[in-house]
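Structure first, commentary second.
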Amino acid sequence: AQIAFVGPASGELVSVPTVLREGKNTAFISVRMTGPEGVVAECIFAFGAARESSLDFANMPAPATTLPDETPSFFPDENRRPAFSRHFNVRLIKGGRPISGAPDGEIVLWMRHKDEAAPMDAVTLLSIADTPPPAAFSMLTAPARISSMTWMAEFLTDRFDTDNGWFLAQHVAQTAQQGYSSQAMRLWNARGEPVMVGRQTIAVFG
(Lines of atoms letter the chains of each structure in order from A and count residues from 1; the text may use other names and numbers.)
(Lines give C-alpha, C1' and ligand atoms only; values in the text may rest on other atoms or scores of the structure.)
Protein backbone atom coordinates (compact mmCIF):
# COMPACT_ATOMS: atom_id res chain seq x y z
CA ALA A 1 0.00 0.00 0.00
CA GLN A 2 1.27 3.48 -0.93
CA ILE A 3 -0.64 6.43 0.48
CA ALA A 4 -0.10 10.16 -0.03
CA PHE A 5 -1.90 12.48 2.38
CA VAL A 6 -2.48 15.37 -0.01
CA GLY A 7 -4.72 17.69 1.99
CA PRO A 8 -6.71 18.05 5.22
CA ALA A 9 -9.69 15.75 5.74
CA SER A 10 -12.85 17.64 6.66
CA GLY A 11 -16.53 17.56 5.86
CA GLU A 12 -18.04 14.81 3.73
CA LEU A 13 -15.39 12.60 2.12
CA VAL A 14 -15.80 10.52 -1.03
CA SER A 15 -13.53 7.60 -1.99
CA VAL A 16 -13.44 6.41 -5.61
CA PRO A 17 -11.62 3.11 -6.33
CA THR A 18 -10.29 2.22 -9.77
CA VAL A 19 -8.95 -1.16 -10.86
CA LEU A 20 -5.73 -0.34 -12.73
CA ARG A 21 -4.90 -3.91 -13.68
CA GLU A 22 -6.00 -7.37 -12.64
CA GLY A 23 -3.95 -10.40 -13.62
CA LYS A 24 -3.85 -14.06 -12.69
CA ASN A 25 -2.04 -13.52 -9.37
CA THR A 26 -2.00 -9.77 -8.74
CA ALA A 27 -4.27 -6.76 -8.84
CA PHE A 28 -3.49 -3.04 -8.65
CA ILE A 29 -6.17 -0.68 -7.37
CA SER A 30 -6.03 3.09 -6.93
CA VAL A 31 -8.26 5.03 -4.57
CA ARG A 32 -8.72 8.80 -4.62
CA MET A 33 -10.33 10.44 -1.60
CA THR A 34 -11.78 13.92 -2.02
CA GLY A 35 -13.54 16.42 0.20
CA PRO A 36 -15.02 19.91 -0.06
CA GLU A 37 -11.52 21.42 -0.39
CA GLY A 38 -10.22 19.00 -3.03
CA VAL A 39 -8.07 15.89 -2.98
CA VAL A 40 -7.46 14.49 0.50
CA ALA A 41 -5.50 11.32 -0.26
CA GLU A 42 -4.21 9.32 -3.21
CA CYS A 43 -3.64 5.61 -2.66
CA ILE A 44 -2.36 2.65 -4.65
CA PHE A 45 -2.86 -0.89 -3.37
CA ALA A 46 -1.19 -4.01 -4.78
CA PHE A 47 -2.70 -7.41 -3.96
CA GLY A 48 -0.95 -10.72 -4.61
CA ALA A 49 -2.27 -14.26 -4.31
CA ALA A 50 0.00 -16.83 -2.67
CA ARG A 51 1.78 -19.18 -5.08
CA GLU A 52 4.53 -21.79 -5.03
CA SER A 53 8.14 -20.55 -4.99
CA SER A 54 11.63 -22.00 -4.55
CA LEU A 55 12.36 -19.23 -2.04
CA ASP A 56 11.05 -19.37 1.52
CA PHE A 57 12.91 -17.34 4.14
CA ALA A 58 12.60 -14.29 6.41
CA ASN A 59 15.69 -12.29 7.37
CA MET A 60 14.03 -9.92 9.83
CA PRO A 61 14.90 -10.89 13.43
CA ALA A 62 12.83 -9.25 16.14
CA PRO A 63 14.62 -7.02 18.69
CA ALA A 64 15.15 -8.20 22.25
CA THR A 65 12.22 -7.40 24.48
CA THR A 66 10.50 -7.87 27.81
CA LEU A 67 7.01 -9.28 28.26
CA PRO A 68 4.18 -6.76 27.73
CA ASP A 69 3.00 -7.04 31.34
CA GLU A 70 6.54 -6.19 32.51
CA THR A 71 6.82 -3.12 30.27
CA PRO A 72 5.75 0.45 31.22
CA SER A 73 3.16 2.43 29.31
CA PHE A 74 4.33 4.58 26.41
CA PHE A 75 1.71 7.21 27.30
CA PRO A 76 1.93 7.76 31.09
CA ASP A 77 -0.84 10.40 30.99
CA GLU A 78 -3.97 9.05 29.31
CA ASN A 79 -5.43 12.57 29.05
CA ARG A 80 -2.53 13.89 26.96
CA ARG A 81 -2.29 11.20 24.30
CA PRO A 82 -3.81 11.52 20.80
CA ALA A 83 -7.49 10.58 20.71
CA PHE A 84 -6.96 7.88 18.07
CA SER A 85 -4.29 6.13 20.14
CA ARG A 86 -6.62 5.76 23.12
CA HIS A 87 -8.11 2.70 21.45
CA PHE A 88 -4.81 0.84 21.88
CA ASN A 89 -2.51 -0.37 24.64
CA VAL A 90 1.05 0.80 23.98
CA ARG A 91 4.05 -0.29 26.08
CA LEU A 92 7.54 1.21 25.80
CA ILE A 93 10.42 -1.28 25.51
CA LYS A 94 13.17 1.00 24.18
CA GLY A 95 13.51 4.69 23.35
CA GLY A 96 11.99 7.90 24.61
CA ARG A 97 8.44 8.99 25.21
CA PRO A 98 6.95 11.83 23.14
CA ILE A 99 8.68 15.22 23.56
CA SER A 100 11.25 13.79 25.98
CA GLY A 101 14.44 15.02 24.28
CA ALA A 102 15.54 11.47 23.49
CA PRO A 103 19.08 11.17 22.06
CA ASP A 104 17.92 9.22 19.00
CA GLY A 105 14.75 8.48 17.09
CA GLU A 106 14.29 4.77 17.74
CA ILE A 107 11.32 3.41 19.68
CA VAL A 108 10.44 -0.24 20.28
CA LEU A 109 6.91 -0.93 21.49
CA TRP A 110 4.37 -3.57 22.35
CA MET A 111 0.95 -2.62 20.94
CA ARG A 112 -2.51 -4.16 20.84
CA HIS A 113 -6.14 -3.12 20.33
CA LYS A 114 -8.03 -2.54 23.59
CA ASP A 115 -11.15 -4.10 22.09
CA GLU A 116 -10.65 -7.86 22.37
CA ALA A 117 -13.45 -8.35 19.84
CA ALA A 118 -11.66 -6.32 17.15
CA PRO A 119 -11.08 -8.49 14.06
CA MET A 120 -7.48 -9.56 13.53
CA ASP A 121 -7.22 -8.35 9.93
CA ALA A 122 -5.24 -5.95 7.75
CA VAL A 123 -7.28 -2.92 8.86
CA THR A 124 -6.59 -3.60 12.54
CA LEU A 125 -2.91 -4.28 11.86
CA LEU A 126 -2.50 -1.04 9.91
CA SER A 127 -4.25 0.88 12.69
CA ILE A 128 -1.90 -0.62 15.27
CA ALA A 129 1.15 0.29 13.18
CA ASP A 130 -0.08 3.89 12.91
CA THR A 131 -0.84 4.25 16.63
CA PRO A 132 2.36 5.87 18.01
CA PRO A 133 3.48 9.36 16.98
CA PRO A 134 6.48 9.49 14.62
CA ALA A 135 9.72 8.29 16.20
CA ALA A 136 11.37 11.71 15.75
CA PHE A 137 8.68 13.17 18.04
CA SER A 138 10.49 11.66 21.03
CA MET A 139 13.57 13.78 20.22
CA LEU A 140 11.69 17.07 20.55
CA THR A 141 11.94 19.08 23.76
CA ALA A 142 8.83 21.22 23.19
CA PRO A 143 5.40 20.54 21.65
CA ALA A 144 5.24 20.92 17.88
CA ARG A 145 2.72 20.23 15.16
CA ILE A 146 3.38 17.24 12.91
CA SER A 147 1.66 15.97 9.78
CA SER A 148 1.99 12.68 7.88
CA MET A 149 2.78 13.19 4.20
CA THR A 150 3.25 9.66 2.88
CA TRP A 151 2.73 6.15 4.22
CA MET A 152 3.98 2.90 2.69
CA ALA A 153 3.10 -0.51 4.12
CA GLU A 154 3.89 -4.04 2.96
CA PHE A 155 2.05 -6.94 4.54
CA LEU A 156 4.43 -9.90 4.70
CA THR A 157 1.80 -12.51 5.48
CA ASP A 158 -1.94 -13.03 5.32
CA ARG A 159 -1.93 -14.51 8.84
CA PHE A 160 -2.39 -11.78 11.43
CA ASP A 161 -2.92 -13.95 14.51
CA THR A 162 -0.76 -13.28 17.57
CA ASP A 163 -0.64 -14.09 21.28
CA ASN A 164 -3.06 -12.07 23.45
CA GLY A 165 -3.40 -9.45 20.71
CA TRP A 166 0.14 -8.06 21.14
CA PHE A 167 2.39 -6.97 18.27
CA LEU A 168 6.01 -5.85 18.56
CA ALA A 169 6.96 -2.69 16.65
CA GLN A 170 10.22 -0.91 15.89
CA HIS A 171 10.02 2.63 14.49
CA VAL A 172 13.28 4.36 13.53
CA ALA A 173 13.62 7.98 12.41
CA GLN A 174 16.45 7.72 9.87
CA THR A 175 16.59 11.41 9.01
CA ALA A 176 15.11 14.60 10.45
CA GLN A 177 16.23 17.68 8.52
CA GLN A 178 14.80 20.94 7.20
CA GLY A 179 11.35 20.31 8.65
CA TYR A 180 10.85 16.73 7.47
CA SER A 181 11.53 13.29 8.92
CA SER A 182 11.74 9.92 7.20
CA GLN A 183 11.24 6.78 9.25
CA ALA A 184 11.26 3.00 8.81
CA MET A 185 8.80 0.75 10.62
CA ARG A 186 8.80 -3.01 11.26
CA LEU A 187 6.17 -5.16 12.94
CA TRP A 188 6.24 -8.72 14.33
CA ASN A 189 3.68 -10.89 16.05
CA ALA A 190 4.27 -11.99 19.65
CA ARG A 191 6.09 -15.10 18.38
CA GLY A 192 8.70 -12.96 16.62
CA GLU A 193 7.39 -13.66 13.12
CA PRO A 194 7.52 -10.64 10.74
CA VAL A 195 4.12 -9.39 9.61
CA MET A 196 4.65 -5.90 8.16
CA VAL A 197 7.25 -3.32 7.10
CA GLY A 198 6.64 0.31 6.27
CA ARG A 199 7.97 3.79 5.66
CA GLN A 200 6.57 7.19 6.54
CA THR A 201 7.43 10.78 5.66
CA ILE A 202 6.42 13.40 8.22
CA ALA A 203 6.38 17.19 8.18
CA VAL A 204 7.62 18.58 11.51
CA PHE A 205 6.66 22.18 12.33
CA GLY A 206 9.07 22.75 15.18
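Counting from 3, one number per residue, gives the positions in the sequence shown under our numbering.
Where is the CB? At the ideal position from N, CA and C, for every residue including glycine.
Partner residues in the beta bridge of Arg23, as assigned by DSSP, are Phe30. Here the alpha carbons of Ala104 and Thr143 stand approximately 8 angstroms from one another.
Straight-line spacing of the CA atoms in Val18 and Asp71 works out to 43 angstroms. By the Cβ test, the stretch 33-47 is not in contact with the stretch 60-68, since fewer than three Cβ pairs between them sit closer than 8 angstroms. One Cα belongs to Thr126, the other to Gly181, and the distance between them is close to 30 angstroms.
Between the stretch 192-200 and the stretch 154-173 there are three or more C-beta pairs closer than 8 angstroms, enough to call the two in contact. If only uninterrupted alpha helix (DSSP H) runs of at least 4 residues are considered, those enclosed by the stretch 95-134 are 124-131. Exposed is the label assigned to Pro63, since fewer than 16 other Cβ atoms lie within 10 Å of its Cβ.
Between Pro136 and Gln202, the gap from beta carbon to beta carbon is short of 9 angstroms. The criterion of a C-beta distance shorter than 9 angstroms is satisfied by Ile204 and Ser149. Met154 has Gln4, Arg201 as its beta-bridge partners, per DSSP. Contact between the stretch 47-62 and the stretch 80-95 is absent: fewer than three C-beta pairs spanning the two stretches fall below 8 angstroms. For Ser183, the enclosing beta strand (DSSP E) stretches over residues 182-191.
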